[in-house]
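So for the sequence shown, this note's numbering puts the first residue at 2; every next one is plus one.
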Amino acid sequence: MELNNKLYCQIETSTNEWLTMITKFKLFLISFFVLAYSVSVQAAPKVLDSVVAVVNNNVILQSEVNEVLRNVKASTDPQNLPDDKTLKQQIIDRLINENLILQQAKKLNITVSEEDITATIKSIAAKNNMTVDELRSYLASVGMSYSSYRNKISNEILIDQARMNIIKQRIFISDREVNNLANTIAKQPNKNREVNISHILIALPDSPSKKQISDASNKAQKIVDRLKNGENFAKLAATYSNDERALDGGKMGWHKLNELPSIFEERLVRAQKNDIIGPIRSGVGFHILKVEGNHSEASKSITITEVNARHILVKTNVLVTDEIAKNKIQEIRQSIVNGVSSFASAAKNYSEDPGSADKGGELGWNNPDNFDSNFRSALLKLKKGEISQPVKSNYGWHLIQLIDSRKVDKTEAAMKDQAYRLIFNRKFSEELQVWIQELRGDAYIKITGDDN
Numbered sequence: 002m003e004l005n006n007k008l009y010c011q012i013e014t015s016t017n018e019w020l021t022m023i024t025k026f027k028l029f030l031i032s033f034f035v036l037a038y039s040v041s042v043q044a045a046p047k048v049l050d051s052v053v054a055v056v057n058n059n060v061i062l063q064s065e066v067n068e069v070l071r072n073v074k075a076s077t078d079p080q081n082l083p084d085d086k087t088l089k090q091q092i093i094d095r096l097i098n099e100n101l102i103l104q105q106a107k108k109l110n111i112t113v114s115e116e117d118i119t120a121t122i123k124s125i126a127a128k129n130n131m132t133v134d135e136l137r138s139y140l141a142s143v144g145m146s147y148s149s150y151r152n153k154i155s156n157e158i159l160i161d162q163a164r165m166n167i168i169k170q171r172i173f174i175s176d177r178e179v180n181n182l183a184n185t186i187a188k189q190p191n192k193n194r195e196v197n198i199s200h201i202l203i204a205l206p207d208s209p210s211k212k213q214i215s216d217a218s219n220k221a222q223k224i225v226d227r228l229k230n231g232e233n234f235a236k237l238a239a240t241y242s243n244d245e246r247a248l249d250g251g252k253m254g255w256h257k258l259n260e261l262p263s264i265f266e267e268r269l270v271r272a273q274k275n276d277i278i279g280p281i282r283s284g285v286g287f288h289i290l291k292v293e294g295n296h297s298e299a300s301k302s303i304t305i306t307e308v309n310a311r312h313i314l315v316k317t318n319v320l321v322t323d324e325i326a327k328n329k330i331q332e333i334r335q336s337i338v339n340g341v342s343s344f345a346s347a348a349k350n351y352s353e354d355p356g357s358a359d360k361g362g363e364l365g366w367n368n369p370d371n372f373d374s375n376f377r378s379a380l381l382k383l384k385k386g387e388i389s390q391p392v393k394s395n396y397g398w399h400l401i402q403l404i405d406s407r408k409v410d411k412t413e414a415a416m417k418d419q420a421y422r423l424i425f426n427r428k429f430s431e432e433l434q435v436w437i438q439e440l441r442g443d444a445y446i447k448i449t450g451d452d453n
């Protein structure tokens with residue numbers, strides 16, 4: 002059923018849309034680099050490069066640390082940053098994690114296509130109100146080659162893809178979990194609460210000793226005491242946190258309660274703005290949270306309009322040009338309009354969609370969003386029983402007839418979809434920290450240099 006598998010399949014499930022959303026914050030960080038890079042670059046003294054850390058068979062260079070340092074300082078309020086020595090240690094820690102993830106990507110043959118890199122760069126340029134050519138010129142003006150920039154973007158995408166591909170395989174979500182959460186959302190609308198939080202993690206190694214646990218607990222408690230005495234959360238996060246958002250002040254942004262780790266959700270149910278929560282012990286360490294904001298939304302019913310349509314497809318190929326295919330569809334339409342042939346018989350005789358031709362071209366009930374954009378646009382303009390003019394899609398030329406339409410309540414399906422996304426995001430967050438802990442525990446890591 003070719004068109005059911007291609008043109009008429011859902012373009013993306015809601016789950017995939019949410020998986021994509023997980024990387025948006027990362028891509029935002031990439032885009033800020035465009036604006037931050039030029040600050041202090043030309044004024045930076047030229048020194049001989051040196052190794053600051055060894056990660057298995059790879060090294061991290063002083064120049065890499067310096068570059069990230071410049072970018073962070075250029076884009077962050079100085080009040081939210083610790084001293085340079087502490088900041089460099091945090092940067093090295095982040096670069097070690099990224100290096101380990103890139104090594105895993107290489108080991109598993111995860112790659113990034115040139116098309117994906119180009120598309121990301123176009124998006125970054127657009128976010129900065131530039132064309133790609135203007136971005137290239139800007140990079141050249143601050144002394145950075147376009148090829149070097151593409152390599153940086155490639156690594157960022159590769160890190161995101163490796164994390165997603167690997168962590169997805171470590172997550173299992175049962176139907177029972179989804180149904181239970183969907184029922185909870187339906188019965189308790191206020192459970193649809195969102196919180197804006199910041200986070201500090203005091204990490205523990207794999208199989209920590211009692212002393213390591215005690216030291217980490219005491220360190221976390223001292224940080225909580227300092228926070229409750231009014232110290233800057235973002236600065237303390239950048240100073241002490243082992244979470245990947247440390248250099249961003251620990252900001253996690255807005256999340257629904259149900260998608261946060263269970264141990265967070267329990268403590269955030271009644272939390273108010275500016276509350277400091279923690280330390281909270283987990284398998285990876287001690288967590289400290291700050292509530293930046295919160296609000297609740299009542300669950301809403303969701304109704305969509307489904308359509309029952311049929312179509313006839315004539316494909317283009319090496320021998321059948323675009324013009325020939327269009328003319329063929331036009332001839333078929335004329336024979337139907339003139340009563341020479343019925344739509345159903347014409348579909349059986351001429352349609353090149355094997356999934357629907359034998360059914361007289363019928364596609365069954367569908368959400369219009371499942372269709373090719375040009376196909377959908379033409380279909381939504383039709384009245385019941387009306388036949389379209391020739392319509393071009395990515396697969397060829399079509400005739401479309403609207404058989405009927407109906408309103409359908411999709412609230413239950415939407416709640417199950419939301420429940421799945423929330424559970425996935427929760428488990429992803431939990432499993433990511435465990436995975437990073439495992440990577441570091443299995444790796445040879447040696448930090449060198451005068452600052453360490």
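Where is the CB? At the ideal position from N, CA and C, for every residue including glycine.
Could you give the C-beta distance for residue i and residue j, rounded to a whole number, given that I count them as a contact under 8 Å?
i	j	result
L182	I437	Actually they are not in contact, since the Cβ atoms of L182 and I437 sit about 26 Å apart, beyond 8 Å.
A345	I401	With 8 Å as the limit, A345 and I401 do not qualify as a contact, their Cβ atoms being about 14 Å apart.
T132	A141	With 8 Å as the limit, T132 and A141 do not qualify as a contact, their Cβ atoms being about 14 Å apart.
I203	Y241	7 Å
N59	Q104	7 Å
A217	G284	In fact, because the Cβ distance is near 13 Å, the residues do not count as touching under 8 Å.
L82	A221	The Cβ separation is near 21 Å, so there is no contact.
I174	L433	About 16 Å; that fails the 8 Å criterion.
Y396	K316	6 Å
F376	S394	5 Å
Cβ atoms of residue j and residue i: under 7 Å apart, would you say?
i	j	result
A54	I102	no
I264	I281	yes
W255	N350	no
N368	I303	no
I201	Q162	no
V69	I446	no
P262	E115	no
S199	K252	yes
W398	K291	no
I118	R151	yes
I122	I160	no
D85	S64	no
Based on the DSSP output, what are the partners of residue i in its beta bridges?
i	result
T306	K408
R311	E363 and Q402
V53	None; V53 has no bridge partner.
L62	V52
K447	V55
R282	F287
I264	Answer is none; I264 lacks a bridge partner.
I333	I333 is not bridged to any residue.
I277	K291
Considering only C-alpha positions, which residue in the set the options is nearest to residue i?
i	options	result
L314	L364, K384, I167 and R177	L364
L380	S406, I61 and P355	S406
R268	N275, G279, D226 and E260	G279
D244	N72, I92 and A444	I92
I172	Y445, D359 and Y421	Y421
K408	G397, W366 and V321	W366
R194	I330, N295 and A120	N295
M416	L62, N259 and K212	N259
N318	I337, A348 and E353	E353
N339	V60, R377, I388 and N100	I388
K360	N275, S64 and S343	S343
A444	L62, E99 and D84	E99
E307	Q419, L403, S394 and A347	L403
A347	I333, K411 and G356	I333
K236	Y147, S149 and T87	T87
Given the structure, does residue i come close to the ligand ATP, in the sense that its CB is under 6 Å from one of the ligand's heavy atoms?
i	result
G294	With respect to the ligand ATP, the structure offers nothing, as it holds no ligand at all.
In the DSSP assignment, find the beta strand (DSSP E) that holds residue i and state where it starts and stops.
i	result
V133	That residue, V133, is in no beta strand (DSSP E); its alpha helix (DSSP H) goes V133 to S142.
L202	R194 to A204
E293	G286 to S297
M253	K252 to K257
N184	That residue, N184, is in no beta strand (DSSP E); its alpha helix (DSSP H) goes D176 to K188.
K123	Segment E115 to K128 is the alpha helix (DSSP H) holding K123; no beta strand (DSSP E) there.
L383	It is not in any beta strand (DSSP E) - L383 carries neither H nor E in the DSSP assignment.
N395	Premise fails: N395 is in no beta strand (DSSP E) and is neither H nor E.
Return the first residue and the last residue of the alpha helix (DSSP H) that residue i is part of.
i	result
R95	D85 to K108
K211	K211 to K229
S342	First-last for S342: undefined, no H or E at that position.
M145	Neither: M145 is in no alpha helix (DSSP H) and is coded neither H nor E.
K236	F234 to Y241
Closer than 7 Å, CB to CB, is residue i near chain B or not?
i	result
Q213	Absence of chain B from the displayed structure is noted, only one protein chain being present.
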